[in-house]
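Comments concern the structure below.
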Amino acid sequence: MFKVYPGQRTGGIEADMMAANELNAHAFLQSSSKGLCQNLVVLVGGFETKTGEQWLAFRSDGKYSAADYAKLTSEKISKNHSAGESSWNRFETEQILKCRRYFVIKLFQGAMSGLAYMHDHDRLHQSLGPSSVILNTIVEKDAAYLVPRLRDLSFSVDISFQNLEEDPGTFSEGLWRRAAAAGAFTPMEKRAFGIADDVYEAGLLLAYLAFVTFCEANVMDSLSLQRLLESTFRLDLQATREYCLADDRLLEAVKFLDLGEGAGWELLQAMLNPDFQQRPIAEAVINHRFTAGAVL
Numbered sequence: 001m002f003k004v005y006p007g008q009r010t011g012g013i014e015a016d017m018m019a020a021n022e023l024n025a026h027a028f029l030q031s032s033s034k035g036l037c038q039n040l041v042v043l044v045g046g047f048e049t050k051t052g053e054q055w056l057a058f059r060s061d062g063k064y065s066a067a068d069y070a071k072l073t074s075e076k077i078s079k080n081h082s083a084g085e086s087s088w089n090r091f092e093t094e095q096i097l098k099c100r101r102y103f104v105i106k107l108f109q110g111a112m113s114g115l116a117y118m119h120d121h122d123r124l125h126q127s128l129g130p131s132s133v134i135l136n137t138i139v140e141k142d143a144a145y146l147v148p149r150l151r152d153l154s155f156s157v158d159i160s161f162q163n164l165e166e167d168p169g170t171f172s173e174g175l176w177r178r179a180a181a182a183g184a185f186t187p188m189e190k191r192a193f194g195i196a197d198d199v200y201e202a203g204l205l206l207a208y209l210a211f212v213t214f215c216e217a218n219v220m221d222s223l224s225l226q227r228l229l230e231s232t233f234r235l236d237l238q239a240t241r242e243y244c245l246a247d248d249r250l251l252e253a254v255k256f257l258d259l260g261e262g263a264g265w266e267l268l269q270a271m272l273n274p275d276f277q278q279r280p281i282a283e284a285v286i287n288h289r290f291t292a293g294a295v296l
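In full-length UniProt numbering, the protein residues as written are 1 to 296.
What follows is the structure, given as structure tokens:
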């Protein structure tokens, strides 16, 4: 599987810098004494063409992303509804939902495991979303064999204390501006802010998986969902739940997050906490009863 960055003539110096950053991030993470992380894509090499294009080669561990899975699943729901297939066999419908819930939780669990590994090795992802999680299967009945892997490390940031004290980094100016605005100035505070920022993005990923995968096509998209959470309800998840509960189209998403007496909403509220210091670290998210699958 190849990823191509345009040459300087078309992509400018930024494309070269992104390619170099992604290559360096993977090379560093893959050189860990702890061995390869199964929840990160594996870089196998890279080269530059005569026209200046940067090509990165990755092991082929799946062609579909979490975004593809969510889109295809929502389209399937719409197709079944329009064909009137949702009501005649309630037992089968419930089994499909059980499979889907297990698949989505395992998908999210794998993505968080990859993120936790990166944070343990002093690296932020900084562009985490449904398109940056690659899946080896999108067949829900094969959830036992599902291995999600994080990709797209071109904006990854080195948060080792040495780097934070010496080099702000090419792609981290915006991150550190937001950190300063939140009152994080020392290397330790900036590191904590960066980790919390990744966890916030992971919280938006969880919300996306709930509201796109369990609803009909075009009922919700990532931008509309983010606006709903951040602008309309200002990250008040209880108010968001009440609003969604009144819309029949969003009911299955609400039920999914309601599992374990609201464990999904509880986790989302923690990950999207407006105070970055109150957000859980990635490892704590993995061990939460919702992500750990205790609610199933």
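Backbone N, C-alpha and C define an ideal beta-carbon position, used for all residues, glycine too.
CB-CB under 8 Å to residue i, same chain, minus the five flanking residues each way: which ones, in chain order?
i	result
Leu146	Phe103, Lys106, Leu107, Gly110, Leu135, Asn136 and Thr137
Phe2	Trp55, Leu56, Ala57 and Phe58
Phe276	Ala182, Ala184, Ala192, Phe193, Ala196, Asp197 and Tyr200
Val157	Arg123, Leu124, Gln126, Gly169, Phe171, Ser172, Leu175 and Gly194
Leu205	Ala66, Phe108, Ala111, Leu128, Gly129, Pro130 and Val133
Ala15	Tyr5, Pro6, Gly7, Gln8 and Gln54
DSSP three-state label for residue i, please.
i	result
Gly45	strand
Asp158	strand
Leu56	strand
Leu124	strand
Phe2	strand
Ser33	coil
Leu40	strand
Candidates the options: which alpha carbon is nearest residue i's?
i	options	result
Tyr200	Asn80, Ile77, Thr232 and Met271	Met271
Ser65	Ala182, Met220 and Ser132	Ser132
Phe47	Leu36, Asn80, Val4 and Lys76	Val4
Lys79	Ile281, Glu230 and Ala217	Ala217
Ala143	Leu40, Leu43 and Arg101	Arg101
Leu229	Glu22, Thr51, Met17 and Tyr208	Tyr208
Ser113	Val254, Leu97, Leu40 and Arg177	Leu40
Glu140	Ala19, Lys255, Gln95 and Ser60	Gln95
Ala70	Ala253, Ala284, Asp258 and Leu29	Ala253
Leu72	Thr213, Trp265 and Asp152	Thr213
Ser32	Ala202, Glu92, Tyr117 and Gly62	Tyr117
Arg151	Cys215, Ala15 and Val42	Val42
Met188	Leu164, Met18, Leu257 and Thr232	Leu164
Leu115	Leu97, Tyr243, Phe91 and Arg149	Arg149
Leu257	Arg227, Ala15, Ser231 and Cys215	Cys215
Leu97	Trp265, Leu245, Lys255 and Ala284	Lys255
Residues in its own chain within less than 7 Å of residue i by CB, not counting five upstream and five downstream?
i	result
Arg289	Gly260, Ala263 and Val295
Gly293	Ile105
Gln38	Val147
Glu53	Val4, Tyr5, Pro6 and Gly7
Arg279	Ala196, Val199, Tyr200, Ala270, Met271 and Asn273
Cys99	Glu140, Lys141 and Ala143
Gln226	Leu204
Residue i: buried (16+ other C-beta within 10 angstroms of its C-beta) or exposed?
i	result
Ala25	buried
Gly12	exposed
Thr49	exposed
Lys190	buried
Gly203	buried
Asn89	exposed
Ser154	buried
residue 307	The structure shown does not extend to residue 307, since the chain spans only 1 to 296, so no value can be given for it.
Leu237	buried
Thr240	buried
Ser74	buried
Ala27	exposed
Phe211	buried
With a threshold of 6 Å on Cβ separation, who are the neighbours of residue i within its own chain once the five nearest residues in sequence on each side are excluded?
i	result
Val219	Arg249
Leu267	His288 and Phe290
Lys34	none
His119	Ile195 and Ala282
Ser160	Asp122
Ser60	Met1
Ala179	Lys190 and Phe193
Ala19	Tyr5 and Gln54
Query raised in the report: In chain order, which continuous runs of the alpha helix (DSSP H) of length 4 or greater are located wholly inside the region 221-266?
Result: 222-227 and 237-245
**Report entry** Contiguous beta strand (DSSP E) assignments of at least 3 residues, all confined to the region 129-212
**Finding:** Look at the region 129-212 and you find these whole runs of beta strand (DSSP E), each 3 residues long or longer: 133-135 and 148-150.
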